[in-house]
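The numbers in the sequence shown follow our numbering, run straight up by one, and end at 343. All residues carry an ideal CB built from backbone N, CA and C; glycine is no exception.
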Amino acid sequence: MKRIISIRSYGVKLGSTGNRFVITGKGVDKQTIPALDISEIILYGKAINITTSAILLAIKNQIPIFFMNRYGRPYSMISPIVASGTISTKRAQYSALNDRRGFELARAFIYGKMKNQERLLRLRANSERYDRAVQIRMYADNIAKLADSLLNIEYDGHYNETRAKIMRLEAEAARDNYWKGFALLLPDGFIFEKREHRHARDPVNILLNYGYGFLLTRVINAIIISGLDIHAGFLHADRAGRESLALDLIEEFRQPVVDITILKMLRLKELKRDEILEVDDSNNVRLSKGTLHKVINSLKERLEHRSDMYSIEDRIVEQARDVARFLRGEITEYKPFII
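In structure tokens, the structure reads:
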């Protein structure tokens, strides 16, 4: 089983010697790790020194390097230039941006997300006391109805208007139902009033943000492997530098990977509330080093868990390949990943 190099400490240096990565720095024990044992390198913050030799070693071994911002989201990556599909895949992707294929993918991504929201709530409601379980199941029922409504949306040739209808249903499912049910599943002492992305200061939102950022690195890598353009999405609007297709595909994996893992860690008291966060010198709230390490390990374990012949990580790659196959006309329907 391969490992992830994840570094967040100030003044740490990632170098290499021969075919091994070397981690050194003030306050850390020197580590030497064979490149063949590494699947990914994730660097948090601005004060980490990575040498050219380490970058070249990563490229030689086709190991992607991700740079993460203070919200735990990737903002840049170094990836080897490898043969990943053909130009016909990208041409098919671009031509589908405003036709029925793009609409069907957008609808499928959100349908998968809604069904996974519904199923997570139903699954976890079984371990709650009766009155709370009834309320959680009510939210799950509402999401199921919205998912049915989503399938009734038909493409009428007006892509932007149709996409807006999908996004409105997605917002109603999340804002008015899923996150309210999710809040009821949290253990005592954790208050979750609403979903916040940037500038969150509460532990639950920050845990989710870092978790989604970690998951996004896996989705980006899967899309690149499949020969697709991460920036040309069908659901999320185009914006300079925005990895729109990755944000599309991640939707069906948020609950099965991140939400379920964070809930489990909190409910089993694997994370102590007063040790989850820390404040940096700029008064930014972030995960503590120990919490970040625990979260990444738990998410990696979840991604690698095999319920059948395949792990969820395998499924992410397969879903990306199915997107490419659908766009090329090799399959007639794209089916989202549903737990």
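Item to complete: Put S80 into one of helix, strand or coil per three-state DSSP.
Response: Reduced to three states, the DSSP call for S80 is strand.
Fill in: Closest by C-alpha distance to D263, when choosing among N209, A226, Y48
Ranking N209, A226, Y48 by Cα distance to D263 puts N209 first.
Worksheet item: Is it right to say T221 is buried, meaning 16 or more other beta carbons lie within 10 angstroms of its own, or is it exposed?
Response: By the 10 Å Cβ count, T221 comes out buried.
Item to complete: In angstroms with no decimal places, state the Cα-to-Cα distance between E158 and N288.
Response: A straight-line Cα-Cα distance of about 44 Å links E158 and N288.
Worksheet item: According to DSSP, is N53 helix, strand or coil?
Response: Here N53 carries a strand assignment [DSSP, helix/strand/coil].
Worksheet item: CB-CB under 7 Å to N57, same chain, minus the five flanking residues each way: which ones, in chain order?
Response: One point to set straight first is that residue 57 is Ser, not Asn, in the sequence displayed. G19, S20.
Fill in: Three-pair Cβ contact test at 8 Å for the segment 97-108 versus the segment 142-156
Touching, no, given that fewer than three Cβ pairs across the two stretches are closer than 8 Å.
Worksheet item: How long is the line joining the alpha carbons of T28 and R104, rounded to whole angstroms?
Response: Rounded to the nearest angstrom, the two C-alpha atoms are 52 Å apart.
Worksheet item: Applying the criterion that 16 or more other CB atoms from any shown protein chain within 10 Å of the CB defines a buried residue, is A1 buried or exposed?
Response: For the chain, the structure presents residues 5 to 343; residue 1 sits outside this window and is missing.
Worksheet item: Closest to L272 by CA distance: which of D192, D160, A137 is it?
Response: Proximity to L272 across D192, D160, A137 peaks at D192, based on C-alpha coordinates.
Fill in: Limits of the beta strand (DSSP E) - the one that T21 falls within
Note, T21: beta strand (DSSP E), 16-21.
Discussion item. Extract the residue ranges of the alpha helix (DSSP H) inside the segment 283-312, only unbroken runs of 4 or more that lie entirely within it.
Written reply: The segment 283-312 is shown to contain whole alpha helix (DSSP H) runs of 4 or more residues at 293-308, in chain order.
Practice prompt. Kindly indicate which three-state DSSP category L239 falls into: helix, strand or coil?
Written response: L239 sits in coil when the DSSP states are folded into three classes, being neither helix nor strand.
Discussion item. For T36, count the other beta carbons within 10 Å of its own beta carbon; 16 or more makes it buried, fewer makes it exposed. Which is it?
Written reply: Sixteen is the threshold: since fewer than 16 other Cβ atoms of the shown chains lie within 10 Å of the Cβ of T36, the residue is exposed.
Discussion item. Less than 9 Å between the C-beta atoms of P68 and I52, yes or no?
Written reply: No.
Worksheet item: Hey, would you say A63 sits closer than 9 Å to I82, going by beta carbons?
Response: This sequence places Ile at residue 63; Ala is not what is there. Their beta carbons are under 9 Å apart, which means I63 touches I82 by this criterion.
Practice prompt. Could you give the DSSP three-state label for R74: helix, strand or coil?
Written response: Taken through DSSP and simplified to helix, strand or coil, R74 comes out as coil.
Fill in: Between the CA atoms of D242 and N65 - distance to the nearest angstrom
Using only the alpha carbons, I get a separation of about 32 Å.
Practice prompt. Could you check which residue in N130, I234, E197 has the C-alpha nearest to that of Y79?
Written response: Cα-wise, what sits closest to Y79 is I234.
Item to complete: Use the C-beta contact count for L119: other C-beta atoms within 10 angstroms, 16 or more gives buried, fewer gives exposed.
Response: The question names Leu, yet the displayed sequence has Lys at residue 119. So K119 ends up on the buried side.
Practice prompt. Pull up the CB-CB distance for I42 and I9, whole angstroms please, since I reckon it's below 8 Å.
Written response: Rounded to whole angstroms, the Cβ separation of I42 and I9 is 6 Å, and the two are in contact under 8 Å.
Discussion item. What would DSSP say about T28, mapped onto helix, strand or coil?
Written reply: T28 carries a strand assignment under DSSP once its states are collapsed to helix, strand and coil.
Worksheet item: Under three-state DSSP, which class holds Q323?
Response: Correct three-state label for Q323: helix.
Worksheet item: Ordered along the chain, which non-local residues of its own chain (more than five positions away) have a Cβ less than 6 Å from that of Q121?
Response: Beyond the five residues adjoining it in sequence on each side, Q121 comes within less than 6 Å, by CB distance, of I147, Y182, Q259 in the same chain, given in chain order.
Worksheet entry | Contact under 9 Å by Cβ, G76 with G294 | Contact: no.
Worksheet item: Cα separation between N225 and L253?
Response: C-alpha separation (whole angstroms): 12 Å.
Item to complete: Answer with buried or exposed for R128, where buried requires no fewer than 16 other C-beta atoms within 10 angstroms of its C-beta.
Response: Counting the other Cβ atoms within 10 Å of the Cβ of R128 gives 16 or more, which makes it buried.
Worksheet item: Under 9 Å between the Cβ atoms of I114 and I170?
Response: I114 places its beta carbon less than 9 Å from that of I170.
Fill in: Residue range of the unbroken alpha helix (DSSP H) whose run includes P38
The continuous stretches of alpha helix (DSSP H) do not include P38, which lies in the beta strand (DSSP E) extending over residues 35-38.
Discussion item. Buried or exposed, going by whether 16 or more other CB atoms sit within 10 Å of the CB of S230?
Written reply: Buried, by the Cβ-count rule.
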